[in-house]
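Enquirer: My structure is below; once you've seen it, I'll send some questions.
Protein chains in written order, with my numbering: chain A, 228 to 399; chain B, 594 to 1003.
Take a look at the structure:
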């Protein structure tokens, strides 16, 4: 065995080590990237929630003096999923009702990949609020029971859709 | 707190790997200086592209790193096989880098790609016709066009055009009937037309890639499940008919099932490939110690066997892991994209990279029947490198578009 082939076969171990070190460091960087992205979104979320809850409540207090059209809101239950899809801390629903989904044309558009384009809708009719699934792929759950047909919804009910959880609250 | 990330470490490791590798090769070639020039050229190119990418914030940083690691292994192997080939590969990588920046800036700046479906379909068909008329037969496949001393393989380019065409359909931009034919059927017709052309060219590897991309795209996007099943059924029927009536396919499948009965003739290539992989052992015999020259086509399709022989099973597995990481990053970019056309293109390109890798590595280790196709970024070949770089540029543009848009919203 010549000197060259001795060195070369020794270096093949070095090459293997370098490649695996490379793979390891790339994986470590990707992991940190994901972690950092999540942390960044969480900070953003905290900032946003402080920003829009307080003025909203002030606004409603002023409104109670005049005629109050029925309205409700969906309050987000904070979770990893809700932070990842950048949900606001609450969404207002007017008396005209709202369609909730991933599509840009929805009244409440949430960009979560487990939502259907038009996932479910909530509307007001004659003193009562109703909720119905709009043929979504992953379903909508009212108090842990999957919605099959139109159901009335009351203050404090919990809705679960595509891993996201919200509490329905009637504003009065 | 998270430990501070060292973003430079992978780049340093890559440089270290090339320095050791090229010095070794230089020693193997009686200290000829031109090996070092190739190495210096390669490293210079890497530093240039990577720093432009990081400084101009052109999207994802990992894709280029991984691609360059694969290319390092490829260029080292090619220089070891034939120094002239290695030098030419560097020229191709320079061309590829230019194509990379061109395709990046085109894709980044032009926003009406989703309306040009007819152009993609016709462009692909025109390239096929050109190949059939002016084509040159190499190794039984009539898939080369040459201008003087320069020759290129149109089927590589057609894959990108085809992906962009499919993306038009599945992002919803192409949704009106064309000549009273529903878009779903238009895509079907175009796919089978392309496959027919490819059968005429005897380019089985590309058929497999194109058809599998089609099937996966339908699986992901198509709402009518019967269309998926109809296509799978058609594939099975065509496959069986092909096996019964086409001699080429019979040979491929026969060799896959039993290469040893005709080892000196038809099974020679795959048997040599298996011998090479086996002789490498865990850590390989060292660069320059093996004898990969016994394998026909070792510089293009069978480069993975040569890597396995001289860098060992661990080296080969590392290559596969690198492709996994590459595919993971591509799919991740695709998932994060909001623009539906970019999403579809991203999916198609991710599928192209991963399927191509699977088909050729599976082929040379006798896991599936062998079909000739290049290993992206590693194999020798101008068109292959240029087209891989073009796809990488598009992927990079998609991730940059998403990153910058996100920045604006915040």
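The beta-carbon is built from N, C-alpha and C at its ideal position, and this holds for glycine as well.
How about residue 666 of chain B: is its C-beta nearer than 9 Å to some C-beta of chain A?
Expert: With 9 Å as the cut-off, residue 666 of chain B counts as an interface residue toward chain A.
Enquirer: With DSSP run on the structure shown, which of helix, strand or coil describes residue 348 of chain A?
Expert: Note: residue 348 of chain A maps to strand in three-state DSSP.
Enquirer: Which residues of chain A have a Cβ atom closer than 8 Å to the Cβ of residue 600 of chain B, listed in chain order?
Expert: Within 8 Å Cβ-Cβ: 256.
Enquirer: Determine, using beta carbons only, whether residue 309 of chain A comes closer than 9 Å to chain B.
Expert: For residue 309 of chain A, the answer is no, since every Cβ of chain B falls outside 9 Å of its Cβ.
Enquirer: Take the Cβ of residue 672 of chain B as the centre, count every other Cβ of all protein chains shown within 10 Å, and call the residue buried at 16 or more, exposed below.
Expert: Residue 672 of chain B comes out buried.
Enquirer: Quick one: is residue 361 of chain A near chain B, going by C-beta distance under 9 Å?
Expert: Judged by the 9 Å Cβ criterion, residue 361 of chain A is not in contact with chain B.
Enquirer: So, using beta-carbon positions, are residue 607 of chain B and residue 662 of chain B closer together than 9 Å?
Expert: Going by C-beta atoms, residue 607 of chain B is nearer than 9 Å to residue 662 of chain B.
Enquirer: According to DSSP, what are the bridge partners of residue 172 of chain A?
Expert: Since the first residue of chain A shown is 228 and the last is 399, residue 172 of chain A is not available in this structure.
Enquirer: Are the C-beta of residue 303 of chain A and some C-beta of chain B separated by less than 9 Å?
Expert: Output row for residue 303 of chain A: interface = no.
Enquirer: Just the Cα atoms here: how many angstroms apart are residue 308 of chain A and residue 390 of chain A?
Expert: Going from the Cα of residue 308 of chain A to the Cα of residue 390 of chain A covers about 7 Å.
Enquirer: Spell out whether any CB of chain A is found under 9 Å from the CB atom of residue 603 of chain B.
Expert: Closer than 9 Å: yes.
Enquirer: Flag residue 1001 of chain B as yes if its beta-carbon sits less than 9 Å from any beta-carbon of chain A, otherwise no.
Expert: The pLDDT assigned to residue 1001 of chain B is 41, lower than 50, so where the model puts this residue is not dependable, and the model offers no usable value.
Enquirer: Under 8 Å, with one C-beta from each stretch per pair, do the stretch 891–903 of chain B and the stretch 953–966 of chain B reach the 3-pair mark?
Expert: Output reads yes: the stretch 953–966 of chain B touches the stretch 891–903 of chain B.
Enquirer: For a contact defined as C-beta to C-beta under 8 Å, what are the partners of residue 250 of chain A on chain B?
Expert: Going along chain B in sequence order, the residues near residue 250 of chain A (Cβ under 8 Å) are 911, 914, 915 and 918.
Enquirer: Report all residues from its chain with a CB closer than 7 Å to the CB of residue 1009 of chain B; omit the five preceding and five following residues, and keep chain order.
Expert: A query on residue 1009 of chain B cannot be resolved here, the shown segment of chain B reaching from 594 to 1003 and no further.
Enquirer: Across which residues does DSSP place residue 387 of chain A in a beta bridge pair?
Expert: In the DSSP output, where bridge partners are listed per residue, residue 387 of chain A has A/368 and A/392.
Enquirer: Measure the alpha-carbon distance for residue 792 of chain B versus residue 835 of chain B and round it to whole angstroms.
Expert: Residue 792 of chain B and residue 835 of chain B: Cα-Cα distance of roughly 10 Å.
Enquirer: Report the neighbours of residue 386 of chain A on chain B: residues whose CB is nearer than 9 Å to its CB, in chain order.
Expert: Simply none; closest approach about 25 Å.
Enquirer: Could you check whether the stretch 862–879 of chain B touches the stretch 233–242 of chain A, counting it as contact only if at least three pairs of C-beta atoms, one from each stretch, sit closer than 8 Å?
Expert: Result yes; three or more Cβ-Cβ pairs closer than 8 Å.
Enquirer: According to DSSP, is residue 997 of chain B helix, strand or coil?
Expert: Here residue 997 of chain B sits in helix by DSSP.
Enquirer: Go ahead and pull the three-state DSSP assignment for residue 958 of chain B.
Expert: Correct three-state label for residue 958 of chain B: coil.
Enquirer: List the residues of chain A that residue 905 of chain B touches, going by C-beta distances under 8 Å, in chain order.
Expert: Per Cβ cutoff of 8 Å: 239 and 243.
Enquirer: Can you tell me whether residue 769 of chain B is buried or exposed, with buried defined as 16 or more other CB within 10 angstroms of its CB?
Expert: Exposed: under 16 other Cβ atoms inside 10 Å.
Enquirer: What whole-angstrom Cβ distance do residue 848 of chain B and residue 860 of chain B have, given they're in contact under 8 Å?
Expert: With a Cβ gap of about 5 Å, residue 848 of chain B and residue 860 of chain B count as contacting.
Enquirer: Applying the 10 Å Cβ sphere with the 16-neighbour rule, what's the burial state of residue 729 of chain B?
Expert: Looking at its Cβ environment, which holds fewer than 16 other Cβ atoms inside 10 Å, residue 729 of chain B is exposed.
Enquirer: Contact between the stretch 707–714 of chain B and the stretch 758–776 of chain B: three or more CB pairs below 8 Å?
Expert: As far as the Cβ criterion goes, the stretch 707–714 of chain B touches the stretch 758–776 of chain B, which means the pair count is three or higher.
Enquirer: Using a threshold of 9 Å, state whether the C-beta atoms of residue 641 of chain B and residue 604 of chain B are closer than that.
Expert: Going by C-beta atoms, residue 641 of chain B is not nearer than 9 Å to residue 604 of chain B.
Enquirer: Report yes or no: do the stretch 934–946 of chain B and the stretch 686–697 of chain B share at least 3 C-beta pairs separated by less than 8 Å?
Expert: As far as the Cβ criterion goes, the stretch 934–946 of chain B does not touch the stretch 686–697 of chain B, which means the pair count is below three.
Enquirer: Taking residue 341 of chain A as the query, report the chain B residues whose CB atoms sit under 7 Å from its CB, ordered along the chain.
Expert: None at all; the shortest Cβ gap to chain B is about 12 Å.
Enquirer: Among B/620, B/677 and B/995, which has the Cα closest to the Cα of residue 974 of chain B?
Expert: Of the listed residues, the one whose Cα sits closest to residue 974 of chain B is B/677.
Enquirer: Determine the direct distance from the alpha carbon of residue 358 of chain A to that of residue 785 of chain B, and round the result to whole angstroms.
Expert: Spanning the two alpha carbons is a distance of roughly 46 Å.
Enquirer: Taking three-plus beta-carbon pairs below 8 Å as touching, is the stretch 903–923 of chain B in contact with the stretch 241–255 of chain A?
Expert: Result yes; three or more Cβ-Cβ pairs closer than 8 Å.
Enquirer: Only counting the same chain, and skipping five residues up and downstream in sequence, which positions put a Cβ closer than 6 Å to that of residue 1002 of chain B?
Expert: Note on residue 1002 of chain B: pLDDT 37, under 50, position unreliable in the model; the coordinate value appears next. Once the five neighbours on either side are set aside, residue 1002 of chain B has no close Cβ partner at all.
Enquirer: Quickly, what does DSSP pair residue 325 of chain A with across the bridge? List them, please.
Expert: Residue 325 of chain A is bridged to A/349.
Enquirer: Does the distance from the C-beta atom of residue 395 of chain A to that of residue 356 of chain A stay below 9 Å?
Expert: Yes; because the gap between Cβ atoms is below 9 Å, this pair is in contact.
Enquirer: Measuring CA to CA, which of B/820, B/936 and B/897 is closest to residue 779 of chain B?
Expert: Ranking the options by Cα distance to residue 779 of chain B, first place goes to B/820.
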